[in-house]
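Going down the list, the sequences are from chains C and A.
With the numbering used here applied, the first sequence has no gaps in its numbers, which climb one by one up to 530 at the end.
With the numbering used here applied, the second sequence has no gaps in its numbers, which climb one by one up to 372 at the end.
Before any comments, here is the structure.
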Amino acid sequence: MTEASIALPPQTPFSQRIKKSLFATPLDCLLTLICAFFFTYIIYLFVDWAFLSSIWRADDEPLCKEAGGACWSVIDARHRIIFFGLFPFEEHWRSTLACAVMIVTFIASCVPWFWTTMKLSALWIAGFATFYILMHGGLFGLSVITPERWGGLALTLFIFAAVSIIGMPLSIVLALGRRSKLPVIAKMFGLFIDFFRSLPLLTILFTAAVITPFVLPGWLQGDKLYRVIVGFAIFFAAYQAENIRAGLQAIPSGQDEAGLTLGLNYMQRVTRIQLPQAFRNSLPAVVNQFVITFKETSIVTIVGFFEILASGSAAFGTGQWTVHYIEVYVFIGAIYFVFVFSLSRYGAYLERKLRVGHG
Amino acid sequence: MGSVLGNQKTREIVFQAVVLSVVAALLIGMVMNTRASLEAQSLTTGFGFLERSTGWDFSFSVLPYSISDSYSKTILIGFLNTLLLGFLGISLATIIGVIIGLVRTSKNALFSMLGTVYVEIFRNVPLILQAIFWYSIVTQLPRPKSALSLGDSVFLSGRGLYFPVLNIAMWSVALMILLIIAWLFFLPWLRHKMNHSSSFFLIKRIGWILLPLILVLIGYLARTPDTPLLNMPALKGLNFKGGMRMPPELSALVIAIALYGGAYIGEVVRAGLMSVPKGQIEAGFVNGLKPLHIFSRIRLPLAIRAVLPSLTNQYVQLMKATTIGIVVGFSDLFMIISTSINQSGQTLELLAILMGGFLVINLSIAFVMNSINKKIAIKGYEVKS
């Protein structure tokens, strides 16, 4: 690196940058003004609806019509159904704690310090086991609550976490299988991946829920929830495998050859040379797949599970609450938004960071 | 060394043979098990049920139908409904996407922020939630009696959107569509054949003039006798009669897919516009092109080439996403198949049809887009995507 490239480029002053990006030409000024007006108006409308003219307490529901804004009373009154579904009322603290554990696990796995196979597996197994024990019970004096009664946010997080835990290792196997030098293996894995990628997720979930009982012997069937999760995980893995394969293909062949000359065997080359670099290459795409998967967990509603979307629809299904569907949908939308937006921002942050690394 | 290599090869072949036989054994086991469980429930297999009449009703059809129609016709209707939903949703999503892509690449920071906010809102909320949301909005529109109307010919109410249609037979519409498609495929072939000679342009011009005339002629011949040219919707009693109805299920799904898909396609378009090398644009400036021409002659053509592969991907994804139509009760292929499964019990056959249907749709999209991609590729110039 030469001296010249170390010196920072001259900084343009803030006022000039503003002028360039907002008021470069008369037309630009007009556009900026229109946009500013539009933004202000939309924000005003939203703030007025959501905060200024809204009603917050459940008992004040009769006042909603007059106030004209959002009627958050429905959330105040029915939030337990939205968050917990059919989970027994007095055990709601378990569901809350389980969700908290899962969210902490998600956040922790975004910290680079955890990014070794050992630490990451330990973190997820611990997080997932804690979640499962809290939800299912049967240990430490907790009463048993079977998965049929799980619901709301906890079920959404459970499906997402279970799909990730089964799907990630599977995707690595699929990606490596497709790149195998043995033609039969490569063809077979390729066919498997392409088959699952060509189908809508819903058909796979539907097959898992309805058809598998015909195809598999009784002792292999398990609960409907687990069958759907396995089907979802295979679908996830088929997509993720292609992301990882793209990462594998981007590694210069010299890397693997260097490993060969050092006398490393296949496993060593895969775990020490190929996979670390493949993940580094494909991390943004991998995170993006998680983002998509989180949104797609909502599809399990259709095959009859009571996750947050379905429990939300149940929340305004009765009595005086039926008119307040918009508030409930906005609330659920906001919950999804928080998860999905933070995950996708994290993906974008990783992409920037990695790009800097490559120069 | 030779013997080691030979050894290795033998080992590889043996290994592959073992894996292959294990997979085959698993598949055979699954088939045997399926047979056994079907026999245990005394279910018959085979596609004979397709000729039986269904006996149940569904919400929407592009073709006239009755509940005594056969399963095969009902499934065809489901397939056409899915195609219609996909076509409407994807077309609108593309229009929105192009607009959003342009807005996001604008030099004006506030204006481009408008696009960013749009993308972040619609991309980060599940499509299925958006579909349910729009469905509840659309069904809460006023009753037919107090419907919103546009010049007394287009009506928007909680029962759906009503608009006038031509009183012509269904087959002629199909014929017209086929003619247009045939013409669009014929043109490039002819251009290639006649090697851009001046007589090609003459044929092209005559064709473009003749085509609408032929279409009008077909429409005239296929008119339903003794009816006015336009079939206008009108309020009769509690509901509208006549015209064409777009049910709220379809509208809600089209809106949801268009807005959601528009956010994704917008990102694809933005990436395409940004992938055009700066040198190309600067070269345009140097040659004295106007900004508009730099956009229409340099940026846009290069961007289209860069985005086609990812656009194909988005189209296939959106097409697959149409299956969520079942949450609002739109009778698309998936809903028809799942109702058929409940009613007839022919689970495996119907599922095979469903998967086959989506395979056909997705492969067709990929085929068309890849053909376009190949057609417009510039030789020796690869845009990085």
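Heads up, the beta-carbon is just placed ideally off N, CA and C, and yes, glycines get one too.
Using a beta-carbon distance below 8 Å, is residue i in contact with chain A?
{"i": "ILE515 of chain C", "result": "It should be noted that the sequence gives Ser, not Ile, for residue 515 of chain C. Taking Cβ atoms only, chain A reaches closer than 8 Å to SER515 of chain C, which makes this a yes."}
{"i": "TYR500 of chain C", "result": "yes"}
{"i": "ILE473 of chain C", "result": "yes"}
{"i": "VAL401 of chain C", "result": "no"}
{"i": "SER504 of chain C", "result": "Here residue 504 of chain C turns out to be Gly, not Ser, going by the sequence shown. Yes, GLY504 of chain C counts as interfacial toward chain A."}
{"i": "ALA195 of chain C", "result": "yes"}
{"i": "PRO371 of chain C", "result": "yes"}
{"i": "SER186 of chain C", "result": "no"}
{"i": "SER292 of chain C", "result": "no"}
{"i": "GLU359 of chain C", "result": "Residue 359 of chain C is actually Met in this sequence, not Glu. By this cut-off, MET359 of chain C is an interface position."}
{"i": "GLY530 of chain C", "result": "At GLY530 of chain C, the pLDDT of 38 sits below 50, so the modelled position is not reliable and the matter cannot be decided from this model."}
{"i": "ALA207 of chain C", "result": "yes"}
{"i": "VAL511 of chain C", "result": "yes"}
{"i": "LEU341 of chain C", "result": "no"}
{"i": "LYS190 of chain C", "result": "no"}
So is residue i buried or exposed if we call it buried at 16+ other beta carbons inside 10 Å?
{"i": "GLN439 of chain C", "result": "exposed"}
{"i": "ASN452 of chain C", "result": "buried"}
{"i": "CYS242 of chain C", "result": "buried"}
{"i": "PRO354 of chain C", "result": "exposed"}
{"i": "MET289 of chain C", "result": "exposed"}
{"i": "LYS307 of chain A", "result": "buried"}
{"i": "SER482 of chain C", "result": "buried"}
{"i": "ASN182 of chain A", "result": "exposed"}
{"i": "MET(-12) of chain A", "result": "Low confidence applies here, because MET(-12) of chain A scores a pLDDT of 46, under 50, leaving its location unreliable and the question unanswered by this model."}
{"i": "GLY275 of chain A", "result": "exposed"}
{"i": "CYS200 of chain C", "result": "exposed"}
{"i": "TYR207 of chain A", "result": "exposed"}
Taking Cβ positions only, does residue i come closer than 8 Å to chain C?
{"i": "PRO113 of chain A", "result": "yes"}
{"i": "LEU307 of chain A", "result": "Note that residue 307 of chain A corresponds to Lys in the displayed sequence, not to Leu. Yes, LYS307 of chain A counts as interfacial toward chain C."}
{"i": "VAL1 of chain A", "result": "no"}
{"i": "GLU254 of chain A", "result": "no"}
{"i": "SER372 of chain A", "result": "Confidence is the limiting factor: at SER372 of chain A the pLDDT is only 41, short of 50, which leaves the residue's position unreliable, though a coordinate-based value still follows. No, SER372 of chain A lies away from the interface with chain C (no Cβ there is under 8 Å from its Cβ)."}
{"i": "LEU137 of chain A", "result": "no"}
{"i": "THR326 of chain A", "result": "no"}
{"i": "MET(-12) of chain A", "result": "Note that MET(-12) of chain A scores 46 on pLDDT, short of 50, meaning its location in the model is unreliable; the coordinates nonetheless yield the value given after this. With 8 Å as the cut-off, MET(-12) of chain A does not count as an interface residue toward chain C."}
{"i": "SER24 of chain A", "result": "yes"}
{"i": "LYS94 of chain A", "result": "yes"}
{"i": "GLU107 of chain A", "result": "yes"}
{"i": "ILE291 of chain A", "result": "no"}
My assumption, with CB atoms under 8 Å, is that residue i sits in contact with residue j. Please give the rounded CB distance.
{"i": "LEU114 of chain A", "j": "ALA270 of chain A", "result": "No, LEU114 of chain A and ALA270 of chain A are not in contact; Cβ-Cβ is about 41 Å, not under 8 Å."}
{"i": "VAL282 of chain C", "j": "PHE302 of chain C", "result": "Incorrect: roughly 19 Å between the Cβ atoms, too far for contact."}
{"i": "LEU268 of chain C", "j": "LEU313 of chain C", "result": "Not really, about 11 Å apart at Cβ, beyond 8 Å."}
{"i": "VAL49 of chain A", "j": "LEU67 of chain A", "result": "5 Å"}
{"i": "VAL255 of chain A", "j": "GLY73 of chain A", "result": "So it is not a contact: roughly 17 Å between Cβ atoms."}
{"i": "ILE205 of chain A", "j": "MET163 of chain A", "result": "6 Å"}
{"i": "LEU387 of chain C", "j": "ASN20 of chain A", "result": "7 Å"}
{"i": "SER140 of chain A", "j": "PRO151 of chain A", "result": "5 Å"}
{"i": "ALA409 of chain C", "j": "PHE367 of chain C", "result": "4 Å"}
{"i": "GLY518 of chain C", "j": "ASN459 of chain C", "result": "6 Å"}
{"i": "VAL399 of chain C", "j": "LEU376 of chain C", "result": "5 Å"}
When you compare each of the options to residue i by their alpha carbons, which one comes out closest?
{"i": "TYR58 of chain A", "options": "A:THR126, A:ARG39 and A:LEU171", "result": "A:ARG39"}
{"i": "LEU324 of chain C", "options": "C:ALA380, C:LEU387 and C:ILE252", "result": "C:ILE252"}
{"i": "THR317 of chain C", "options": "C:ILE356, C:LEU257, C:PHE285 and C:LEU223", "result": "C:LEU257"}
{"i": "HIS307 of chain C", "options": "C:PHE329, C:LEU435, C:SER424 and C:VAL471", "result": "C:PHE329"}
{"i": "PRO234 of chain A", "options": "A:SER46, A:THR41 and A:LYS223", "result": "A:SER46"}
{"i": "TYR397 of chain C", "options": "C:THR203, C:GLU319, C:ASP230 and C:VAL499", "result": "C:GLU319"}
{"i": "PHE109 of chain A", "options": "A:TYR251, A:SER140 and A:PHE36", "result": "A:TYR251"}
{"i": "ARG257 of chain A", "options": "A:ILE291, A:ALA245 and A:SER283", "result": "A:ILE291"}
{"i": "GLN304 of chain A", "options": "A:THR103, A:GLY344, A:VAL1 and A:ILE77", "result": "A:ILE77"}
{"i": "TRP43 of chain A", "options": "A:LEU246, A:TYR302 and A:MET322", "result": "A:MET322"}
{"i": "ILE473 of chain C", "options": "A:SER325, A:VAL6 and A:ASN357", "result": "A:SER325"}
{"i": "VAL218 of chain C", "options": "C:CYS200, C:GLY239 and C:CYS206", "result": "C:GLY239"}
{"i": "PHE510 of chain C", "options": "C:SER292, C:TYR496 and C:ILE479", "result": "C:ILE479"}
{"i": "SER297 of chain A", "options": "A:MET100, A:ALA23, A:MET356 and A:LEU143", "result": "A:MET356"}
{"i": "ILE155 of chain A", "options": "A:ALA293, A:MET231, A:GLN330 and A:ILE313", "result": "A:MET231"}
{"i": "PHE508 of chain C", "options": "A:VAL104, A:ILE359 and A:ASN329", "result": "A:VAL104"}
{"i": "ASP319 of chain A", "options": "A:LEU71, A:GLY16, A:PHE34 and A:SER55", "result": "A:LEU71"}
{"i": "LEU341 of chain A", "options": "C:VAL457, C:LEU433 and C:LEU370", "result": "C:LEU370"}
Subject >> Start-end ranges of the alpha helix (DSSP H) lying completely within the region 311 to 396 of chain C, minimum 4 residues >> reply: For the region 311 to 396 of chain C, whole alpha helix (DSSP H) runs of length 4 or above, ordered along the chain, are 323 to 349, 354 to 368, 372 to 377 and 383 to 386.
**OP:** At 4 residues or longer, and completely inside the region 273 to 300 of chain C: list those alpha helix (DSSP H) runs for me, N to C.
**Re:** Along the length of the region 273 to 300 of chain C, whole alpha helix (DSSP H) runs at least 4 residues long do not occur.
**OP:** Identify every run of the beta strand (DSSP E) within the region 60 to 104 of chain A, keeping only runs that are complete inside it and at least 3 residues long; order them along the chain.
**Re:** At a cut-off of 3 residues, not a single continuous stretch assigned as beta strand (DSSP E) sits fully inside the region 60 to 104 of chain A.
Subject >> Whole runs of the beta strand (DSSP E) within the region -9 to 23 of chain A, excluding any shorter than 3 residues >> reply: The region -9 to 23 of chain A contains no whole beta strand (DSSP E) run of 3 or more residues.
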